[in-house]
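Enquirer: Structure below; questions to follow.
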């Protein structure tokens with residue numbers, strides 16, 4: 014097998030252990046939903062005993078909303094702090110270090126019932142949010158930097174696979190037959206400590222990012238040794254040469270701070286694309302579909318809709334695996350377009366089905382098919398691609414700041430959708446999906462005209478396209494976006 018496409022055991026090990034951080038994000042996103050009523054009863058009982066008065070339903074609802082929303086607030090802060098860690102401690106060591114937050118958050122939540130403390134649960138959710146926000150920057154960055162160019166997209170999809178598997182595990186563990194009970198719900202929330210322990214031990218045997226070692230630390234010998242281990246070959250000269258070129262370019266540039274990303278014409282177009290791709294994930298309506306799925310399945314006559322929702326989680330996982338195999342064949346841009354276009358069609362079908370559910374009996378089955386189709390198409394494109402393509406759009410210098418901005422955009426839009434969707438649903442009813450249909454069309458048009466294909470291209474080559482300079486495989490074009498989209502991937506690139 015060509016060394017440039019060789020999948021080695023050390024490479025699989027490194028990206029798999031990093032993806033535990035994504036699994037943690039998915040698990041802690043989904044874990045709070047199943048025991049909702051049980052935790053609300055805990056809030057009611059605890060606060061009533063403390064105050065000696067009956068707690069109002071308004072206060073109870075506010076506390077529950079805070080418990081859910083505080084996770085996203087922590088995520089926003091954590092994601093925006095990514096560059097503070099990765100430039101100082103390195104990619105691997107940052108992942109190792111922030112697991113202390115997982116220990117702290119998980120412990121607070123696990124012992125909140127025993128301590129009869131609502132505050133411990135809420136603070137624990139905030140701390141876990143910080144941890145997950147940092148992970149959404151660390152994991153895709155580390156995976157993209159240790160992976161060979163020809164496999165970067167496939168391995169980048171493992172980040173999303175970790176997230177959906179985490180959500181699915183949380184849904185299953187949250188069943189009444191497992192941990193979704195009055196007695197065991199603290200263990201359900203505190204379970205996040207176990208993957209943190211596993212990752213901490215396993216990360217000790219993972220290499221640091223070779224790009225960080227060579228470009229940031231100037232430790233060429235260490236970087237070469239890591240590359241030889243990851244690639245399974247002694248000849249890593251092409252990787253080293255590419256990193257040295259990137260390092261030389263980085264030394265001539267000003268330090269890429271967050272404001273600089275928006276001020277510099279070299280970065281501005283790329284950061285706008287990065288933000289729009291993150292928004293296309295959260296504003297696609299995927300959270301609304303999961304919100305509506307139980308009702309859709311109930312109307313279709315399914316007696317246990319919770320299992321149908323878990324079925325949607327299985328579809329989530331299966332199609333993320335499908336994306337893993339397609340992304341290096343079809344390309345990032347193509348899959349993102351297919352995902353957005355297909356989701357727009359499914360959103361239209363769901364709107365029609367929900368509007369006619371009381372008029373046409375058989376149309377409820379259309380709504381089930383459309384729901385599963387929507388979820389499947391999300392995992393083909395808008396689910397996995399925005400996370401890792403951001404790391405591809407930027408060279409080593411601006412990458413940490415760009416990941417911070419993109420991650421914060423994702424978490425902020427997630428928070429806003431969570432807060433505003435109930436009001437939109439109340440106002441629009443079943444027609445709420447038309448809002449997401451409009452967003453999907455806008456993101457489809459933006460992706461078609463502005464997002465470049467990054468498949469098979471080196472980081473330096475991609476960033477050169479945004480600067481409008483000539484690529485080695487293409488003449489100079491007036492429009493750097495046209496230049497990037499017109500270049501065919503060079504099969505000899507390392």
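Numbering (the working numbering), first residue to last: 14 to 507.
Ideal placement from N, C-alpha and C gives every residue a C-beta, glycine not left out.
Taking residue 223 as the reference, give the member of 195, 207, 215 and 156 with the closest Cα.
Expert: Along the chain shown, read from residue 1 onward, the residue named residue 223 stands at position 210. Among 195, 207, 215 and 156, the Cα nearest to that of residue 223 is on 156.
Enquirer: At the level of alpha carbons, what is the spacing between residue 377 and residue 449?
Expert: The residue labelled residue 377 in the question sits at position 364 within the chain shown. The residue labelled residue 449 in the question sits at position 436 within the chain shown. Those two C-alpha atoms are separated by around 20 Å.
Enquirer: Let me confirm a value: residue 375 is counted as buried when at least 16 other C-beta atoms fall within 10 Å, else exposed. Which label applies?
Expert: Within the chain shown, numbered from 1, the residue matching residue 375 stands at position 362. So residue 375 counts as exposed.
Enquirer: Let me confirm a value: residue 158 is counted as buried when at least 16 other C-beta atoms fall within 10 Å, else exposed. Which label applies?
Expert: The sequence position of residue 158 within the chain shown is 145, counting from 1. Buried, since its Cβ has 16 or more Cβ neighbours within 10 Å.
Enquirer: Buried or exposed for residue 65, please, with buried defined as at least 16 other CB atoms from any protein chain shown within 10 angstroms of its CB.
Expert: Counting from one through the chain shown, the residue named residue 65 turns up at place 52. Answer is exposed; the Cβ neighbour count stays below 16.
Enquirer: Would you give the residue range spanned by the alpha helix (DSSP H) that residue 26 belongs to?
Expert: Residue mapping note: residue 26 aligns to position 13 of the chain shown, counting from 1. Looking at the DSSP string, the run of the alpha helix (DSSP H) that includes residue 26 is 22-31.
Enquirer: Have a look at residue 468 and residue 217 and give me their C-alpha separation to the nearest angstrom.
Expert: The count along the chain shown starts at 1 and reaches residue 468 at position 455. The count along the chain shown starts at 1 and reaches residue 217 at position 204. Answer to the nearest angstrom: the Cα atoms are 31 Å apart.
Enquirer: How should residue 114 be labelled, buried or exposed, when 16 other C-beta atoms within 10 angstroms of its C-beta is the threshold for buried?
Expert: In the chain shown, residue 114 corresponds to position 101, counting from 1. When all chains shown are included, residue 114 counts as buried.
Enquirer: Using 8 Å as the threshold, is the C-beta distance between residue 301 and residue 310 below it?
Expert: Looking up residue 301 in the chain shown gives position 288. Looking up residue 310 in the chain shown gives position 297. Not a contact, by the Cβ cut-off of 8 Å.
Enquirer: Can you tell me the Cα-Cα spacing of residue 172 and residue 32, whole angstroms?
Expert: By 1-based counting over the chain shown, the position of residue 172 is 159. By 1-based counting over the chain shown, the position of residue 32 is 19. In a straight line, the C-alpha of residue 172 is about 6 Å away from that of residue 32.
Enquirer: Mark residue 10 as exposed unless 16 or more other C-beta atoms lie within 10 angstroms of its C-beta, in which case mark it buried.
Expert: The structure shown does not extend to residue 10, since the chain spans only 14 to 507, so no value can be given for it.
Enquirer: Can you tell me whether DSSP reads residue 252 as helix, strand or coil?
Expert: Numbered from 1 along the chain shown, position 239 holds the residue referred to as residue 252. Helix.
Enquirer: Would a C-beta distance cut-off of 8 Å place residue 180 and residue 420 closer than the cut-off?
Expert: Position 167 of the chain shown, counting from 1, holds the residue named residue 180. Position 407 of the chain shown, counting from 1, holds the residue named residue 420. Their beta carbons are not under 8 Å apart, which means residue 180 does not touch residue 420 by this criterion.
Enquirer: Starting from the N-terminal side, write out each stretch of the alpha helix (DSSP H) that is 4 residues or longer and does not extend beyond the segment 162-236.
Expert: Whole alpha helix (DSSP H) segments, 4+ residues: 165-186, 198-203 and 206-216.
Enquirer: Can you tell me whether residue 275 is buried or exposed, with buried defined as 16 or more other CB within 10 angstroms of its CB?
Expert: Counted from its first residue, the chain shown places residue 275 at position 262. Per the 10 Å Cβ criterion, exposed.
Enquirer: Report yes if the CB atom of residue 466 is closer than 8 Å to the CB atom of residue 342, and no otherwise.
Expert: Here residue 466 is taken as the residue at index 453 of the chain shown, counted from 1. Here residue 342 is taken as the residue at index 329 of the chain shown, counted from 1. Their beta carbons are not under 8 Å apart, which means residue 466 does not touch residue 342 by this criterion.
Enquirer: Hey, quick one: how far does the alpha helix (DSSP H) through residue 474 stretch, first residue to last?
Expert: Looking up residue 474 in the chain shown gives position 461. Per DSSP, residue 474 belongs to the alpha helix (DSSP H) from 472-479.
Enquirer: Per DSSP, what kind of secondary structure is residue 510 in: helix, strand or coil?
Expert: In the structure as shown, the chain starts at 14 and stops at 507, and residue 510 therefore has no counterpart that could be examined.
Enquirer: Taking 8 Å as the threshold, find out whether the segment 75-84 comes into contact with the segment 160-169 through three or more Cβ pairs.
Expert: Touching, no.
Enquirer: Taking residue 34 as the reference, give the member of 54, 150 and 140 with the closest Cα.
Expert: As a working note, residue 34 is residue 21 in the chain shown. Here the closest residue by C-alpha is 150.
Enquirer: Given a threshold of 16 other Cβ atoms within 10 Å of its Cβ, counted over all protein chains shown, does residue 392 qualify as buried or as exposed?
Expert: Looking up residue 392 in the chain shown gives position 379. That one is buried.
Enquirer: Closest by CA to residue 335, which one among 249, 363 and 388?
Expert: As a position in the chain shown, residue 335 is number 322, starting the count at 1. Nearest C-alpha to residue 335: 388.
Enquirer: DSSP three-state call for residue 50: helix, strand or coil?
Expert: By 1-based counting over the chain shown, the position of residue 50 is 37. Reduced to three states, the DSSP call for residue 50 is helix.
Enquirer: Label residue 191 either buried or exposed according to how many other C-beta atoms from any shown protein chain fall within 10 Å of its C-beta, with 16 as the threshold for buried.
Expert: Here the question's residue 191 lines up with position 178 in the chain shown. Classification for residue 191: exposed.
Enquirer: Pop quiz: residue 100 and residue 413 are said to be a contact at Cβ under 8 Å. What is the actual Cβ separation, rounded to whole angstroms?
Expert: Reading the chain shown from its first residue, position 87 is the one you call residue 100. Reading the chain shown from its first residue, position 400 is the one you call residue 413. Right, the Cβ-Cβ distance comes to about 6 Å (below 8 Å), so this counts as a contact.
Enquirer: By DSSP, does residue 89 sit in helix, in strand, or in coil?
Expert: The residue you call residue 89 lines up with position 76 of the chain shown. Helix.
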